[in-house]
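Quick note, in my numbering, the sequence shown goes up one by one and the last residue is 289.
A short worksheet on the structure shown next.
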Amino acid sequence: MDAPDPEVVADAFDLLSDPLRVRILTTLWEEDRRGPTSYSDLQDAVGVRDSGRFNYHLSQLTDRYLRKTDEGYAMRPAGVQVVDLLASGVFGEIPERGPVDLETTCPRCSADLELEYRDGETVVECPDCELIACWLLFPPAGVRDRDDESLAWGAHVRSREYNRMANAGLCPFCSREIAIELVHPDEVPLDGHHVLKRCAGCEARLWSSLGSYLLDHPAVVAFLWDHGESVDDHPYWAFDFVMDPAVELLSEDPVHYRQTIERDGERLEVEVAPDGEVVTTRRVRGDA
């Protein structure tokens with residue numbers, strides 16, 4: 002991992018060790034949306050009468066989390082990210098949810114997929130064959146105000162956006178470049194997960210099925226649309242080719258795959274190269 006200096010990181014966290022500093026950050030975030038906030042207005046908004054105490058803690062935050070301008074104080078990007086992290090609820094009580102029946106049939110064993118939220122993670126899986134459809138970190142704040150249906154849709158959207166970013170070569174966690182590669186069936190950690198997206202910076206690894214990886218490809222989108230379906234109408238785990246992909250290994254070294262999607266007597270064949278590049282697409286009617 003391309004990690005920063007541990008002492009620099011420890012110092013950054015140490016600056017947030019006092020509750021008053023956290024209050025200053027969150028208060029300035031609320032005030033900062035109207036522009037830079039003067040010293041006196043910020044002190045009044047925080048509610049601290051002791052000017053010496055307030056000035057000391059404000060100065061500790063300045064330069065790293067806040068910036069001082071002629072008009073007053075404003076948030077720096079690092080301060081905004083701290084407030085976002087606080088708002089996500091990860092430092093509070095972690096709720097639990099489920100199992101929730103998603104009324105979506107598992108393509109492998111015909112049981113209904115279930116959703117659970119545990120330890121800050123959303124998991125969608127089959128309770129019978131243990132097929133995993135979705136497993137990702139989900140902020141607790143996004144769980145508390147959602148009903149079961151909304152939580153499932155939120156997990157779908159968040160997971161799909163992570164994959165969209167990674168598919169485009171951008172790490173969703175650190176924004177460094179991601180490398181995409183196809184993995185041989187004998188080397189995948191989960192059955193059906195043939196695509197590995199790996200970040201050289203934070204070493205994040207995102208695995209997906211070939212069907213999930215290709216879900217937003219223009220050929221797939223057009224094929225489904227021509228058969229009365231939209232990739233935005235349902236959670237991605239509702240598509241059969243995403244969950245139980247008809248994948249053919251065309252070459253072992255280097256690894257090439259062909260993904261097949263069938264609808265109404267027509268099939269779409271998509272050949273994918275080792276680096277994830279789509280080589281060819283072909284639509285075939287009947288047994289041709």
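Even glycine gets a Cβ: it sits at the ideal position worked out from N, Cα and C.
Top-ranked residue by Cα proximity to residue i, from the options
i	options	result
PHE242	HIS257, GLY193, ILE181 and ARG199	GLY193
VAL158	GLY287, SER213, ALA75 and LYS69	SER213
SER41	VAL232, ASP64 and GLU72	GLU72
ARG65	PHE55, TYR57, ARG77 and ASN56	ARG77
ALA290	GLU182, SER89, ALA153 and ASP12	Outside the displayed range of the chain (2 to 289) lies residue 290, so it cannot be described from this structure.
CYS130	LEU114, LEU137 and TRP136	LEU114
ALA169	CYS200, SER151, GLU150 and LEU191	CYS200
HIS185	LEU211, ARG284, GLU204 and PRO219	LEU211
GLU272	TRP226, ALA239, HIS218 and GLU150	HIS218
ARG119	PHE139, ALA112 and ASP33	PHE139
ALA46	ARG268, ASP33 and THR28	THR28
ALA223	ARG283, ARG206 and LEU171	ARG283
GLU270	PRO255, GLU249 and ASP276	GLU249
Assigned secondary structure, residue i (DSSP; H/G/I helix, E/B strand, else coil)
i	result
GLY143	helix
ASP12	helix
ILE95	coil
ALA201	coil
SER252	strand
ALA239	helix
ARG24	helix
VAL273	strand
PRO219	helix
PRO7	helix
ASP233	coil
GLU31	helix
ASP102	strand
LEU225	helix
Residues near residue i in its chain [Cβ-Cβ closer than 6 Å; skip 5 each side]
i	result
LEU1	Absent from the model: residue 1. The displayed extent of the chain is 2 to 289, so no value can be given.
THR70	PRO37
GLN44	PHE55
Unbroken beta strand (DSSP E) run spanning residue i, endpoints
i	result
TRP208	206-209
ASP113	113-119
GLU278	Premise fails: GLU278 is in no beta strand (DSSP E) and is neither H nor E.
LEU191	Per DSSP, LEU191 belongs to no beta strand (DSSP E) and is neither H nor E.
VAL135	Inspection of the sequence shows that residue 135 is occupied by Cys rather than by Val. Here the beta strand (DSSP E) through CYS135 covers 133-138.
Cβ shell of residue i (< 8 Å), same chain only, five flanking positions each side left out
i	result
TRP30	MET76, GLY80, VAL81 and VAL84
THR106	ALA112, ASP113 and LEU114
Contact set for residue i: own chain, Cβ-Cβ below 7 Å, skip 5 residues either direction
i	result
TYR237	HIS157, ARG161, SER213, LEU216 and VAL243
GLY308	Past the edges of the chain, shown from 2 to 289, lies residue 308, and the structure says nothing about it.
Any chain C beta carbon closer than 8 Å to residue i
i	result
THR27	No chain C appears in this structure, which consists of one protein chain only.
Closer than 7 Å: residue i CB and nearest the ligand ZN heavy atom
i	result
GLU94	Absence of the ligand ZN from the depicted structure is noted, as is the absence of any ligand whatsoever, leaving it without description.
4-residue-minimum alpha helix (DSSP H) runs that sit fully inside the segment 37-87, ordered along the chain: 40-47 and 52-62
What runs of the alpha helix (DSSP H), each 4 residues or longer, lie entirely inside the segment 148-188? Taking 4 residues as the shortest admissible run, the segment 148-188 contains the following complete alpha helix (DSSP H) segments, listed from N- to C-terminal end: 149-168.
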